[in-house]
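For reference, the structure is listed below as structure tokens.
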Amino acid sequence: LQRAECLHLLWRSEEALRAVRALTPPEDEEDDPDRADLEARILEALGRFEEAERFFADASRLAPDDYPAPIRLSVEDFKTLLDKVLASLPRVIRDTVLDVPVLVEPKPTLEMAEREPAINPEVLGLFVGVPVGEKLQAGSGYGDVVLLFQRNLERAGETRQEVSKEIKITLLHEYGHYLGFDEEELEHLGLG
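Residues in the sequence shown are numbered from 38 upward in steps of one, following my numbering.
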């Protein structure tokens, strides 16, 4: 299972899928919830969302406390949660990040990882751009943007309220990168 997980995190999704499927028990034996959850996450990375849902459901059925069924929101519902989170941010933060749009994508993609090597298929969000303090040195280049990955964020909470909290933490984390904070500094601020 560890090998398949490593392959998954390295974006070697097809290879990871073969490795995790090699661990599938015979028809007369119950599946392992860890294996089912990993297969679901690999299928998501491959963009095979409907197949993934079946394995998320299996993992949840086998170990509901460890693998609660993911909250699934429509694009509109997710956007509504995001808008509420944005409106709840302190005015000083909203004013500072006013020019940084937030885009919602279902999942990070291999193409994104090729441009931003530090991300893996499980990342919740990503700031793409130049931190505000480096703009004078580096030039503005393309516009800055924060990407939020809906399906990963939906799995980060068991309720709409928890998903909303994860959206807020992720958004503040990515805005922190825009403001020039590194991972260690964000961790120290409770936004790791």
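Ideal Cβ placement from N, Cα and C applies to all residues, glycine included.
The beta-carbon separation of Leu190 and Glu211, rounded to 12 Å, does not stay under the 8 Å limit for a contact.
Distance from the CA atom of Leu123 to the CA atom of Ser50, rounded to whole angstroms, is 34 Å.
Unbroken alpha helix (DSSP H) runs of no fewer than 4 residues, entirely contained in the segment 136-173, are found at 147-152, following chain order. Distances from the alpha-carbon of Ser97 to those of Glu81, Ala77, Arg85 and Thr146 put Ala77 closest. With a cutoff of 8 Å on beta-carbon distance, Ile79 and Leu38 are scored as not near each other. Put simply, the backbone Cα of Leu163 is about 8 Å away from that of Ile156.
With contacts defined by Cβ atoms closer than 8 Å, Ala82 and Pro158 form a contacting pair.
Boundaries of the alpha helix (DSSP H) around Val122: Val112 to Ser125.
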